[in-house]
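Below: the structure, in structure tokens.
Number of protein chains: 2
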Amino acid sequence: MRADAQRNYARLLAVAEEEIALNGADASLEQIARVAGVGSGTVRRHFPNRHALLAAVFRDRVENLCAHARERVGRPDTRAALLEWLSAVTTSAATIRGLAMALNRDKAADAEHGHCATTQLAEAGEPLVRQAAEVLAPGVTITDLIALITGIALATEDHPDPAAEANRLLGLAVTGLSPLDGRIRRPEPASGAS
Amino acid sequence: MRADAQRNYARLLAVAEEEIALNGADASLEQIARVAGVGSGTVRRHFPNRHALLAAVFRDRVENLCAHARERVGRPDTRAALLEWLSAVTTSAATIRGLAMALNRDKAADAEHGHCATTQLAEAGEPLVRQAAEVLAPGVTITDLIALITGIALATEDHPDPAAEANRLLGLAVTGLSPLDGRIRRPEPASGAS
DNA sequence: TGCTAAACGGCGGGGGTCTCCGTATCGTAC
DNA sequence: GTACGATACGGAGACCCCCGCCGTTTAGCA
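Chains as they are written, first to last, in this note's numbering: chain F, 1 to 194; chain V, 195 to 388.
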């Protein structure tokens, strides 16, 4: 890769990050080119489509989350290990503008490209789910959890405090919105009352 | 309202519904105008912005859901009443293309316009939540439930069977992904096994 | 220092949104 | 039945964006 290409690539990545933080996942590519001081063709050469740009911008963040997951595998308290990681993912997805949408989108383009962000996250988180299977509701997969998290992040996008709200909703989903179900009982059957 | 205006309004609504079903919430307004056989100005006169169009297109659906909620108020099994309604909302949000996104977007523009779809839904569903408070996790509000549902619907948008998947995720969130929490216990501690 | 492949920039086509205004049409009053 | 005013219509124009393409510049090597 030529030196000027490297420069432009780095510069574009930095500008894109800012621009996406400012205007969300569908920030203007032209605008990014303009701010970076390069032609629009250069953007498209480095990143053939928006998906590629998003993937590149969020790569580090996603890898951090993956690492975060890996270092939690094998912990004695499997439930806490999983929940902490889920909370971390939720916080990132809710805080970093555009990340949730990026994750949501590439689920669609997942089949073709192979190693998208969601797949990476899923692979990294799967061991945590497996080792916590005992304390998980039957049928829960890592894919479900990621879907739920990205959904929550999308839904809390324009909340005053997205991270807090998203984590609160995640907590509710984890312990159950209405856990009573025959299989699972409430703490006190509360004799009588309405 | 003049007769031709009424005709165009109805026609636009019908075309918009199809077009949104086909291309999602950000279907082209120009395209809608073209298919309806009117000028683009006419679209923008009847619906100043995309939000207004979406609101109009989904008005009936949302009102149905509201009615659905109202007729469930007062039922003996408050939990079932609420859960059935939540499931109905989830199915609609997941099935009707663009609805989830519309619900998600107008939460933002809610403050200014006053009576958006989400507010309507919230007002209609609130009694169901109140009367089921006993069997709900503490702190759960109707707003939370709607946020969660729209999130789930957004996240399952491009699944082969969105309604089924969305309802499954909703079910998991209702009974709890990992209900064990001190307050709530699992059915069988499952002696041994993997 | 010269050459070549790689990277650059920006033009042109297609499409979308939004505003505005001249014109056609409806509904009514006579 | 006609004439008129209000109302709605249609589309042109300005602006932005995405995308593909190609002539030109430049980095890196011999």
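Using N, Cα and C, we set each Cβ at its ideal position, and we do this for glycine too. The structure presented is a predicted model; accordingly, all values stated were derived computationally and were not measured.
Excluding sequence positions up to five before and after F:E165, its CB lies within less than 6 Å of the CB of T156, H159, all in the same chain and listed in chain order. Rounded to whole angstroms, V:D254 and F:G39 show a C-alpha spacing of 47 Å. DSSP, read as helix, strand or coil, puts V:D271 in coil. The continuous stretches of alpha helix (DSSP H) do not include V:D220, and DSSP gives it neither H nor E. Taking 8 Å as the cut-off between beta carbons, the residues of the stretch 248-273 of chain V near chain F are R273, in sequence order. Your pair V:L276 and V:L315 does not check out as a contact, with CB atoms roughly 13 Å apart and the cut at 8 Å. With a 10 Å radius around the Cβ and a threshold of 16 neighbouring Cβ atoms, F:N64 comes out exposed. Here the C-alpha atom of F:T118 lies approximately 18 Å from the C-alpha atom of F:L170. Shortest Cα-Cα distance from V:L366 to any of F:P138, F:I146, F:P76, F:L154 involves F:P138. Among the residues facing chain F, V:V323 is not included, as its CB has no counterpart in that chain under 7 Å away. Taking the C-beta atoms as reference points, V:T337 is found no nearer than 7 Å to V:N298. V:R239 counts as exposed, since fewer than 16 other C-beta atoms from the protein chains shown sit within 10 angstroms of its C-beta. Taking a contact as a CB-CB distance under 8 Å, the pair F:A100 and F:H51 does not count as one, their CB atoms being some 15 Å apart. For F:R61, the enclosing alpha helix (DSSP H) begins and ends at 50-70. The residues T284, A287, A288, A294, A360, in chain order, have a CB closer than 7 Å to that of V:A347 in the same chain once the five nearest residues on each side in sequence are set aside.
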